[in-house]
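K.L.:
Below is the structure I would like to discuss, written out as structure tokens.
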Amino acid sequence: MRVGVDVPGPIAEPHIWVQHEQVLGMALQSVSIEVGLCRSEMTRLAYNAVEVFLCHRHVEKWIRSEDLSFLSITISDAALTTACHGTSGEVELHPVNIVGAQSLLWSLQ
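For what it's worth, the numbering used here labels the leading residue of the sequence shown as 10, then goes sequentially.
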């Protein structure tokens, strides 16, 4: 498992971003980003400070942000497999939204 702070700075022009490892991120300040599967279909998302988000693996996304800074926790495939008691195949975190809750729960599949 690896923990780090990423402060990529302003991303004025949209660019392609792919995350190959499982990453949980936490916004360090209120931020808005534009993200989408294609440049022409980008949507603006807003995160408040300390909000947690899950980065999808192996998916190319276009991203743009003026003020992106976040704490990231990278979880290796070996750690996920161990947490699932040695399940064979690829293990991935999937978000589970609880209506009315302030937190986001994660399930292992």
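Even glycine gets a Cβ: it sits at the ideal position worked out from N, Cα and C. All figures in this text were calculated on a predicted structure; none of them were measured in a lab.
1) Rounded C-beta distance between R48 and W26? I'm assuming under 8 Å.
2) If you measure between the beta carbons of A58 and S41, is that distance less than 8 Å?
3) Any C-beta of chain C sitting closer than 8 Å to the C-beta of H24?
4) Using a Cβ-Cβ cut-off of 7 Å (strictly less than) and excluding sequence neighbours within five positions of E75, which residues of its own chain qualify?
5) Which residues in the same chain as T52 place their Cβ atom closer than 8 Å to its Cβ, once the five residues preceding and following it in sequence are excluded?
P.N.:
Reading off the structure:
1) Looking up residue 48 in the sequence shown gives position 39. Looking up residue 26 in the sequence shown gives position 17. 12 Å between Cβ atoms; not a contact.
2) Taking the sequence shown and counting its residues from 1, the one referred to as residue 58 is at position 49. Taking the sequence shown and counting its residues from 1, the one referred to as residue 41 is at position 32. No, these two residues do not count as a Cβ contact at 8 Å.
3) As a matter of chain content, chain C is missing from the structure shown, which is built from one protein chain.
4) The count along the sequence shown starts at 1 and reaches residue 75 at position 66. Answer for E75: P19, listed in chain order.
5) Translated into positions along the sequence shown, residue 52 becomes position 43. Counting only residues of its own chain and dropping the five nearest sequence neighbours on each side, T52 has a CB closer than 8 Å to the CB of E43, V44 and G45.
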